[in-house]
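Asks:
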Amino acid sequence: MFIKRTTRRIHGKTYVNHLLVESVATPRGPRHRVICSLGALTPAPKAHWAGLAQKLQAALAGQTPLLPDAKLDALAARVRPSRRAPRPGAADVVAVHTDEVQT
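If you count by this note's numbering, then the sequence shown holds residues 4 to 106, one letter each, in order.
1. Nearest to I38 by alpha carbon, out of A53, L78, V24?
2. Please state whether DSSP places T67 in a helix, a strand or coil.
3. Is the distance from the Cβ of G42 to the Cβ of H21 below 8 Å?
4. Applying the 10 Å Cβ sphere with the 16-neighbour rule, what's the burial state of L69?
5. For A53, count neighbouring C-beta atoms within 10 Å of its own C-beta (all shown protein chains included) and say buried if the count is 16 or more, exposed if not.
6. At which residues does the beta strand (DSSP E) containing R31 begin and terminate?
7. Write down the C-beta distance between A56 and F5 rounded to the nearest angstrom, noting that I regard them as a contact closer than 8 Å.
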């Protein structure tokens, strides 16, 4: 997991947003899957983003930190309810030929 910075320009004003994303291997190549939006992380320096992403990944995996961090716990709590179930893969798909079905 890592933190990705995105910018959008709406009516001449630039908005900065940060996303927690993970790399996913697909048949068409690697893709980024958004885990959650972290909002603006402007108070935190960019050098600390990698550590924040690792701490969030550990918190989502259920590991408790040695020293509790209220800000990190709040971010992890925002992510947990929004996690979607994984999409069905090719192994979950079954082809049925209706003209060959016997009753």
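No residue lacks a Cβ here, since even glycine has one placed at the ideal position from N, Cα and C. None of these values were measured; they are calculated from a predicted model.
Replies: In this structure, then:
1. V24
2. Annotated three-state conformation of T67 is coil, per DSSP.
3. yes
4. Counting Cβ neighbours within 10 Å, L69 comes out exposed, since fewer than 16 surround it.
5. exposed
6. Run containing R31: none; DSSP gives neither H nor E here.
7. 5 Å
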